[in-house]
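Some notes on the structure that comes next.
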Amino acid sequence: MSIIEIGKTVPAFSLKDQHGEAMNIEATRGKRALLSFHPLAFTKVCTRQMQDLEKHREEFETLGAVAFGLSVDSVPCKHAWAKDIGVKETRLLSDFWPHGGVAKQLGIFREADGFSERAVVLLDEQGVVRFTKVYPMGEVPDRAEILEQLKKLDN
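My numbering numbers the first residue of the sequence shown as 1339 and each following residue consecutively.
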């Protein structure tokens, strides 16, 4: 398995968020999309990762990006978790069924574990991959690094 290559267009997908509302990746065209994959809800590092997206949402938006949290958890699980950890604005997407389908398309699904890598995939305004990184399971993705990559898209 290898992560989707820089320069490739992400295959079309639609996932439900923590409120049960569908989010079609095609709807993000014209904006940059930050896909922040995390293994499972209700875990310490994943909680910090999603809270970081929420806390810095406006910073991402200033750079033209919309951030999404993605995992294989179900919509009801995502809903309860978002409420529990205070995520109100950031959409947490459920890659529940087909199980890990989007993570598999992007080459970051861990078959042996049944969940995705902790990874970031940054898309430009046309849905083309401009940055990818798999982070260690025990490490929150580096926000400064992600912001730097977003700024590079302006050059």
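Heads up, the beta-carbon is just placed ideally off N, CA and C, and yes, glycines get one too.
Have a look at the options and flag the residue whose alpha-carbon is nearest the alpha-carbon of residue i.
{"i": "residue 1468", "options": "1458, 1354 and 1355", "result": "1458"}
{"i": "residue 1453", "options": "1440, 1464 and 1462", "result": "1440"}
{"i": "residue 1389", "options": "1437, 1444 and 1479", "result": "1479"}
{"i": "residue 1446", "options": "1487, 1373, 1369 and 1483", "result": "1373"}
{"i": "residue 1405", "options": "1490, 1462, 1474 and 1340", "result": "1462"}
{"i": "residue 1414", "options": "1460, 1369, 1353 and 1358", "result": "1358"}
{"i": "residue 1343", "options": "1391, 1483, 1490 and 1471", "result": "1471"}
{"i": "residue 1474", "options": "1482, 1489, 1383 and 1460", "result": "1383"}
{"i": "residue 1487", "options": "1364, 1403 and 1381", "result": "1403"}
{"i": "residue 1351", "options": "1434, 1482 and 1451", "result": "1434"}
{"i": "residue 1456", "options": "1476, 1370 and 1442", "result": "1476"}
{"i": "residue 1481", "options": "1401, 1444 and 1451", "result": "1401"}
Suppose contacts are defined by Cβ-Cβ distances below 9 Å. Is residue i in contact with residue j by that definition?
{"i": "residue 1430", "j": "residue 1420", "result": "yes"}
{"i": "residue 1395", "j": "residue 1428", "result": "yes"}
{"i": "residue 1485", "j": "residue 1397", "result": "yes"}
Do you know how far the Cα of residue j is from the Cα of residue i?
{"i": "residue 1424", "j": "residue 1449", "result": "30 Å"}
{"i": "residue 1465", "j": "residue 1422", "result": "31 Å"}
{"i": "residue 1432", "j": "residue 1493", "result": "33 Å"}
{"i": "residue 1411", "j": "residue 1417", "result": "10 Å"}
{"i": "residue 1340", "j": "residue 1436", "result": "20 Å"}
{"i": "residue 1367", "j": "residue 1361", "result": "12 Å"}
{"i": "residue 1355", "j": "residue 1489", "result": "27 Å"}
{"i": "residue 1491", "j": "residue 1426", "result": "28 Å"}
{"i": "residue 1393", "j": "residue 1353", "result": "23 Å"}
{"i": "residue 1495", "j": "residue 1364", "result": "Only positions 1339 to 1493 of the chain appear in this structure, which leaves residue 1495 out of reach."}
{"i": "residue 1381", "j": "residue 1391", "result": "16 Å"}
{"i": "residue 1370", "j": "residue 1399", "result": "9 Å"}
Could you pull the DSSP bridge partners for residue i from this structure?
{"i": "residue 1352", "result": "1362"}
{"i": "residue 1470", "result": "1459"}
{"i": "residue 1386", "result": "Beta-bridge pairing links residue 1386 to no other residue."}
{"i": "residue 1371", "result": "1404 and 1461"}
{"i": "residue 1431", "result": "1408"}
- Task: Could you say if the region 1347-1364 and the region 1374-1391 meet the contact criterion of at least three C-beta pairs nearer than 8 Å?
- Result: no
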